[in-house]
Amino acid sequence: MARILIVATGGAGGDLPPLAAASLALRDRGHDTIFVGDAAVQR
């Protein structure tokens, strides 16, 4: 499978939840995902 880098920054507003969901779905399908963000998107 592919290795996918996902970058999120603060101020993304409503873009973050769908991005996180897409990241999890890719991981669940066997892709190697790396989620990178600044402190504003930390959870």
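Mapping of the sequence shown onto numbering that gives the first Met the number 0: position 17 corresponds to residue 16, and the numbering continues sequentially without gaps. Ideal Cβ placement from N, Cα and C applies to all residues, glycine included.
Exercise. If you draw a straight line from the alpha carbon of A24 to that of A38, how long is it in whole angstroms?
Worked result: 23 Å
Exercise. Any idea which residues DSSP pairs G36 with across the strands?
Worked result: A7
Problem set entry | Straight-line Cα distance separating I3 from A43 | Only positions 0 to 42 of the chain appear in this structure, which leaves residue 43 out of reach.
Exercise. Going by the beta-carbon positions, is the gap between I8 and S22 smaller than 8 Å?
Worked result: One detail in the question is off: residue 8 reads as Thr in this sequence, not Ile. Not a contact, by the Cβ cut-off of 8 Å.
For this session: Would you list the one or two residues that DSSP bridges to D31?
Result: R2
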